[in-house]
Every structure is written in structure tokens, then in C-alpha cells.
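Structure record follows, encoded as C-alpha cells.
Residue numbers (the numbering used here): 12 to 58.
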């Protein structure tokens, strides 16, 4: 069964909802950075 529905993906804006989580993963060796609430730590790990 296939059903069409309009969907939007975005951050949860309810009071008290957690923010986004950033993480990077190597596509060669599959090692990954630690999850972080800011994008800078995973970006630094990737460099």
C-alpha cells in the first residue's frame, strides 16, 4: 500500500525540546566524532 502525504522535517520548536546534534563519520574507516550540540567539534575532528 502506498499513500501520499505532505511532510516537513525540521527542528522541534516546542518549549524544552533538545536542539540538533552534530556528528561526523569517516566513509572509509567508519570512525566518528563525538556527538556535539555545536557543529564546530565534529568539523574540527573531520579536518
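Beta carbons: idealized from backbone N, C-alpha and C, even for Gly.
Residue i versus residue j: straight-line alpha-carbon distance, rounded
| i | j | result |
| --- | --- | --- |
| residue 30 | residue 38 | 25 Å |
| residue 40 | residue 51 | 21 Å |
| residue 35 | residue 23 | 22 Å |
| residue 32 | residue 47 | 6 Å |
| residue 19 | residue 43 | 28 Å |
Three-state class that DSSP yields for residue i in the structure shown
| i | result |
| --- | --- |
| residue 57 | helix |
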